[in-house]
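**Student:**
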Amino acid sequence: MKEVYLDNNATTPIAPEVAEAMQPFFTTEYGNPSSMHTIGGRVKKYLDRAREQLAALINAEPDEITFTSCGTESNNWALRGSLLAQPGRRHIVTTKVEHPAVLEVAAYLGSRGARVTQLFVDGDGLLNLDELRAAITDETAIVSAMWANNETGVIFPIQEIAEICAEKGVSFHTDAVQAVGKIPIDVKKTPVSMLALSGHKLHTPKGIGAMFVRRRTPLKPFMLGGHQEHGRRAGTHNVPYIVGLGVAAELAAKYMDDENTRVKALRDKLENALIEQCPDARRNGHKVLRLPNTSNISFEFIEGEAILLLMDAVGIAASSGSACTSGSLEPSHVIRALGVPFTAVHGSTRFSLSRYNTEQEIDYVIEQVPPIIDRLRKMSPFVGGDVY
Ligand code: PLP
Numbered sequence: 022m023k024e025v026y027l028d029n030n031a032t033t034p035i036a037p038e039v040a041e042a043m044q045p046f047f048t049t050e051y052g053n054p055s056s057m058h059t060i061g062g063r064v065k066k067y068l069d070r071a072r073e074q075l076a077a078l079i080n081a082e083p084d085e086i087t088f089t090s091c092g093t094e095s096n097n098w099a100l101r102g103s104l105l106a107q108p109g110r111r112h113i114v115t116t117k118v119e120h121p122a123v124l125e126v127a128a129y130l131g132s133r134g135a136r137v138t139q140l141f142v143d144g145d146g147l148l149n150l151d152e153l154r155a156a157i158t159d160e161t162a163i164v165s166a167m168w169a170n171n172e173t174g175v176i177f178p179i180q181e182i183a184e185i186c187a188e189k190g191v192s193f194h195t196d197a198v199q200a201v202g203k204i205p206i207d208v209k210k211t212p213v214s215m216l217a218l219s220g221h222k223l224h225t226p227k228g229i230g231a232m233f234v235r236r237r238t239p240l241k242p243f244m245l246g247g248h249q250e251h252g253r254r255a256g257t258h259n260v261p262y263i264v265g266l267g268v269a270a271e272l273a274a275k276y277m278d279d280e281n282t283r284v285k286a287l288r289d290k291l292e293n294a295l296i297e298q299c300p301d302a303r304r305n306g307h308k309v310l311r312l313p314n315t316s317n318i319s320f321e322f323i324e325g326e327a328i329l330l331l332m333d334a335v336g337i338a339a340s341s342g343s344a345c346t347s348g349s350l351e352p353s354h355v356i357r358a359l360g361v362p363f364t365a366v367h368g369s370t371r372f373s374l375s376r377y378n379t380e381q382e383i384d385y386v387i388e389q390v391p392p393i394i395d396r397l398r399k400m401s402p403f404v405g406g407d408v409y
């Protein structure tokens, strides 16, 4: 059976160049880069190279990059480390649509005495910057707002948010796990204090992440027990994965134009065709201020899970809500935050593409999905009736 993978915001296929570059570090190049001897020193050179490659993707200095185990760890570190470093400041400002890797950390810190403000978004998934400005006080330790949303792809005005925080002298962390590699990011131009990223969203295996930390950002370490990463993140380096992340960063820069032209055109073709051919289908999130690879469509009156199952039966992999929330029948907190009507929240389906998708694949999805929606609608108890 044909398989079409349109769930790249959950995880991405591993780039062959990444897998190849990692290979020696599973076999011959087993040294510990912190060791003094030649075998370790050889490996250290590759670690340094990967740091430079990743720094180049976001225009950071290599010493502003710290490798972590994943995006979740980077986000945990940013929030917890910022509060620990600023005992006089106990306030966190974040948004309603963050990934649980920020929301749940903020909630935990809230249960330990911090005050948490969650900013609302409008129907397009965008923030009101006056509300953000008003929320920041002398007690604010950190503002955390994602660069791009994992479910809708909506891009927040990070330049403006970063400038507001810089003006007010407050640390600004952005969860850029979905944005890095898909859209241009330049931390010399955009004054973010901390930026979290994850390898498996840009074609490495799962289990490697990083954080950009601007010099002089108040931040205590989260992982203790070693001097690695200049004492900022303890733990023996995961060398094969770090090397893979370096190569993935270089490839992302190389394919950035393709992502923003060809992949975006494929996304638009898919979205327009499905909205045109399926009655009562609507896009969730701003039409333009959005990642080029993501389309979130609600098919009203039917369940996203049913759509996913029938698509899966014809080899199409997509997602309803985020990968973390699918598996539960709870509607997505992101789609609910946009004020999407009840009849459409449950039918929200996310299609997320990558550079490996082809036009033939998109044509296949356009051919398969409308009959699936039609079939489910005929079975829906909600269609044409009073849902309450
Ligand atoms: N932040 C966002 C926006 C994400 O989409 C994800 C993963 O889905 C994460 C954080 C977590 O990253 P990781 O899987 O590397 O822990």
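Mapping of the sequence shown onto this note's numbering: residues 22 to 409, in sequence order. From the three backbone atoms N, C-alpha and C, an ideal C-beta is built for every residue, glycine too. Small disclaimer: the values here were computed from a predicted structure and weren't measured.
Beta-carbon within less than 7 Å of residue 71's beta-carbon, same chain only, minus the 5 sequence neighbours each way: which residues are those?
**Tutor:** Here residue 71 is taken as the residue at index 50 of the sequence shown, counted from 1. These residues qualify, in order along the chain: 263, 264, 266, 267.
**Student:** Whose C-alpha, out of 366, 334, 365, is nearest the C-alpha of residue 25?
**Tutor:** Within the sequence shown, numbered from 1, the residue matching residue 25 stands at position 4. With distances taken between Cα atoms, residue 25 lies closest to 334.
**Student:** Please find out if some non-hydrogen atom of ligand 1 comes closer than 7 Å to the beta-carbon of residue 186.
**Tutor:** Your numbering for residue 186 matches position 165 in the sequence shown. No, the Cβ of residue 186 stays beyond 7 Å of every heavy atom of ligand 1.
**Student:** Let me make sure I understand the geometry here. Which of 196, 36, 68 has the alpha-carbon closest to that of residue 51?
**Tutor:** Within the sequence shown, numbered from 1, the residue matching residue 51 stands at position 30. Comparing Cα-Cα distances from residue 51 to each of 196, 36, 68, the minimum goes to 68.
**Student:** Taking 8 Å as the cut-off, decide whether the C-beta atoms of residue 122 and residue 144 are in contact.
**Tutor:** Residue 122 sits at position 101 when you count from the first residue of the sequence shown. Residue 144 sits at position 123 when you count from the first residue of the sequence shown. Contact annotation: residue 122 and residue 144 have beta-carbon atoms that are not nearer than 8 Å.
**Student:** Excluding the 5 residues flanking residue 294 on each side, which residues of the same chain have their C-beta closer than 7 Å to its C-beta?
**Tutor:** Here residue 294 corresponds to residue number 273 of the sequence shown, with the count starting at 1. Answer for residue 294: 387, listed in chain order.
**Student:** Where does the unbroken beta strand (DSSP E) through residue 228 begin, and where does it stop?
**Tutor:** As a working mapping, residue 228 is identified with position 207 in the sequence shown. Premise fails: residue 228 is in no beta strand (DSSP E) and is neither H nor E.
**Student:** For residue 193, count neighbouring Cβ atoms within 10 angstroms of its own Cβ and tell me buried if that reaches 16, exposed if not.
**Tutor:** Along the sequence shown, read from residue 1 onward, the residue named residue 193 stands at position 172. Buried is the call here.
**Student:** Tell me whether residue 93, by its Cβ, gets closer than 7 Å to a heavy atom of ligand 1.
**Tutor:** Within the sequence shown, numbered from 1, the residue matching residue 93 stands at position 72. True, at least one ligand heavy atom lies under 7 Å from that Cβ.
**Student:** Report the CB separation of residue 243 from residue 101 in whole angstroms; it is logged as a contact under 8 Å.
**Tutor:** Mapped onto the sequence shown, residue 243 falls at position 222. Mapped onto the sequence shown, residue 101 falls at position 80. Confirmed, Cβ separation roughly 6 Å.
**Student:** For ligand 3, is there any heavy atom lying closer than 7 Å to the beta carbon of residue 28?
**Tutor:** Ligand 3 is not part of this structure, which contains only ligand 1.
**Student:** Going by C-alpha distance, which of 398, 218, 88 is nearest residue 322?
**Tutor:** Reading the sequence shown from its first residue, position 301 is the one you call residue 322. Nearest C-alpha to residue 322: 398.
**Student:** Below 6 Å CB to CB, which residues in the same chain sit around residue 169 once its five sequence neighbours on both sides are set aside?
**Tutor:** Position 148 of the sequence shown, counted from the start, is the residue given in the question as residue 169. Excluding its 5 nearest sequence neighbours in each direction, residue 169 has C-beta neighbours in its own chain below 6 Å: 176, 199, 200, 312, listed in chain order.
**Student:** According to DSSP, simplified to helix, strand and coil, what is residue 70?
**Tutor:** Position 49 of the sequence shown, counting from 1, holds the residue named residue 70. The answer is helix: DSSP assigns residue 70 an H, G or I state.
**Student:** Using a threshold of 8 Å, state whether the C-beta atoms of residue 197 and residue 182 are closer than that.
**Tutor:** What you label residue 197 is simply residue 176 of the sequence shown in a count that begins at 1. What you label residue 182 is simply residue 161 of the sequence shown in a count that begins at 1. No, Cβ-Cβ distance for residue 197 and residue 182 is not below 8 Å.
**Student:** So, are the CB atoms of residue 269 and residue 220 less than 8 Å apart?
**Tutor:** Position 248 of the sequence shown, counting from 1, holds the residue named residue 269. Position 199 of the sequence shown, counting from 1, holds the residue named residue 220. Yes, the Cβ-Cβ distance between residue 269 and residue 220 is below 8 Å.
**Student:** Tell me which residues share the same chain as residue 284 and place their Cβ nearer than 8 Å to its Cβ, disregarding the 5 neighbours each side in the sequence.
**Tutor:** Position 263 of the sequence shown holds residue 284. Taken in chain order, the residues that qualify are 313, 314, 374, 375, 376, 378.
**Student:** Could you please give the first and the last residue of the uninterrupted beta strand (DSSP E) stretch that includes residue 354?
**Tutor:** As a working mapping, residue 354 is identified with position 333 in the sequence shown. Here residue 354 belongs to no beta strand (DSSP E); instead the alpha helix (DSSP H) covers 354-358.
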